[in-house]
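Residue 12 in numbering that gives the first Met the number 0 is what sits at position 13 of the sequence shown, and the numbering runs on without skipping anything. We put the beta carbon where it would ideally sit given N, CA and C, even for glycine.
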Amino acid sequence: MRAWCLRWYACWGIGEAGKVEEIQVEPPKASEVGVKMLYVRQSLSH
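The structure is reproduced here in structure tokens:
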């Protein structure tokens, strides 16, 4: 399987503008699952 290309919105520091970035991740292994999020109203992660 080839790597997954994902887009995400990231802010790297306090007071910095956020931006959309593209990253590549390995597909899930045999004992893992992948979850596709179609819609997120609001999310904050740290």
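Looking only at its own chain, which residues have a Cβ that is under 6 Å from the Cβ of residue i, when we skip the five neighbours before and after it?
i     : result
Gln23 : Ala2 and Cys4
Val19 : Arg6 and Tyr8
Cys10 : Gly17
Hey, residue i and residue j are a contact pair by Cβ (cut 8 Å); roughly how many whole angstroms apart?
i     : j     : result
Pro26 : Gly17 : So it is not a contact: roughly 27 Å between Cβ atoms.
Runs of beta strand (DSSP E) wholly within the segment 3-45 (minimum 3 residues, chain order): Runs of beta strand (DSSP E) with 3 or more residues, each lying fully within the segment 3-45, are found at 3-9 and 18-24, listed in chain order.
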